[in-house]
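So in this note's numbering, spot 11 of the sequence shown is number 15, and the numbers just go up one at a time.
Even for Gly, the Cβ is constructed at its ideal location relative to N, Cα and C.
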Amino acid sequence: MFTIKEVHERIKAPLLTLVSSGIPEQSYAVLSHLHLLVMRAPYVFSSDYKHFYCQYNKPSYVKLLKLEMLTAVANESNSYEIVTELCEYAAKVDIPIARESIRAVGKIELQQYDVNAIVDRLLQFLEMEKDYVTAEALVLVKDLLRKYPQWSHDCIAVVGNISSKNLQEPKAKAALIWMLGEYSQDMQDAPYVLESLVENWDEEHSAEDID
Numbered sequence: 005m006f007t008i009k010e011v012h013e014r015i016k017a018p019l020l021t022l023v024s025s026g027i028p029e030q031s032y033a034v035l036s037h038l039h040l041l042v043m044r045a046p047y048v049f050s051s052d053y054k055h056f057y058c059q060y061n062k063p064s065y066v067k068l069l070k071l072e073m074l075t076a077v078a079n080e081s082n083s084y085e086i087v088t089e090l091c092e093y094a095a096k097v098d099i100p101i102a103r104e105s106i107r108a109v110g111k112i113e114l115q116q117y118d119v120n121a122i123v124d125r126l127l128q129f130l131e132m133e134k135d136y137v138t139a140e141a142l143v144l145v146k147d148l149l150r151k152y153p154q155w156s157h158d159c160i161a162v163v164g165n166i167s168s169k170n171l172q173e174p175k176a177k178a179a180l181i182w183m184l185g186e187y188s189q190d191m192q193d194a195p196y197v198l199e200s201l202v203e204n205w206d207e208e209h210s211a212e213d214i215d
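Rendered as structure tokens:
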């Protein structure tokens with residue numbers, strides 16, 4: 005009698021072959037089944053992560069599934085390559101996919117896989133000068149510092165160069181406010197930046213904006 009792992013191993017190859025077919029309807033149906041298997045047994049697919057890379061000409065719903073699968077199969081041996089791929093998506097013009105790619109990097113980062121390299125990538129997002137990329141990255145940096153405060157020196161040096169005037173999203177502003185309050189001793193202009201952020205907060209944002 006086969007174990008569950010052996011069953012997954014036996015059906016893995018044909019499913020991966022089918023998902024690479026050129027028929028969108030067929031590949032999505034197979035991908036949906038594959039997605040379920042990956043969520044349940046990511047270790048079985050950890051060496052096959054490149055099958056879940058996103059082709060530029062695929063529809064967004066396919067890319068979103070693959071992003072979830074890439075995040076699930078990340079481990080110590082493949083996280084660097086997966087994060088490198090996700091960073092490529094973050095630089096593209098497809099904003100929803102870029103956002104989800106950055107969030108995926110954050111999820112992998114918080115699983116403690118190659119934190120040093122992933123922090124470097126995360127800080128690079130803050131230097132891309134794209135408002136939606138900066139917004140997502142700020143939230144992730146805040147989450148990072150809550151879990152790994154030892155990275156504050158590296159992160160705050162980059163965060164301190166961000167212009168608060170260019171931040172439009174409430175969650176990004178809230179993340180910056182938290183960092184300004186927590187690490188004000190490391191940011192020379194923290195009191196002035198903090199004042200400009202909070203003075204009109206009640207008028208600009210409701211509590212629901214940052215939930």
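Query: Contact the stretch 156-163 vs the stretch 192-202: 3+ CB pairs below 8 Å; Result: no
Query: Simplified DSSP assignment, three categories, for V11; Result: helix
Query: Within 8 Å, strictly: CB atoms of L68 and L38; Result: no
Query: Own chain partners of L41 with C-beta closer than 7 Å, once the 5 adjacent residues on each side are dropped; Result: H12
Query: Which listed residue (A76, I106, I122 and L71) has its alpha carbon closest to that of A45; Result: A76
Query: Whole-angstrom distance between N120 and Y93, CA atom to CA atom; Result: 21 Å
Query: Contact set for W182: own chain, Cβ-Cβ below 6 Å, skip 5 residues either direction; Result: K146
Query: Separation of H55 from R125, as counted between CA atoms; Result: 22 Å
Query: Cα-Cα separation between I8 and V137, rounded to whole angstroms; Result: 40 Å
Query: Per-residue DSSP class, three states only, for I214; Result: Reliability of the predicted coordinates at I214 is poor, the pLDDT of 49 falling under 50, and no value is obtained from them.
Query: Pairwise C-alpha distance: Y57 and I15; Result: 20 Å
Query: Start-to-end residues for the alpha helix (DSSP H) that takes in Q154; Result: Segment: none, Q154 is in no alpha helix (DSSP H) and carries neither H nor E.
Query: Option in K169, Y152 and D98 with minimal Cα separation from A65; Result: Looking at the sequence provided, one finds Tyr at residue 65 rather than Ala. Selected option, being the one with the closest Cα: D98.
Query: Helix, strand or coil at I106 according to DSSP, with G and I counted as helix; Result: helix
Query: Contact set for E173: own chain, Cβ-Cβ below 6 Å, skip 5 residues either direction; Result: A139
Query: Cβ neighbour criterion (16 or more within 10 Å) applied to K169; Result: exposed
Query: P63 - DSSP class collapsed to helix/strand/coil; Result: coil
Query: Which of helix, strand or coil DSSP assigns to Q30; Result: helix
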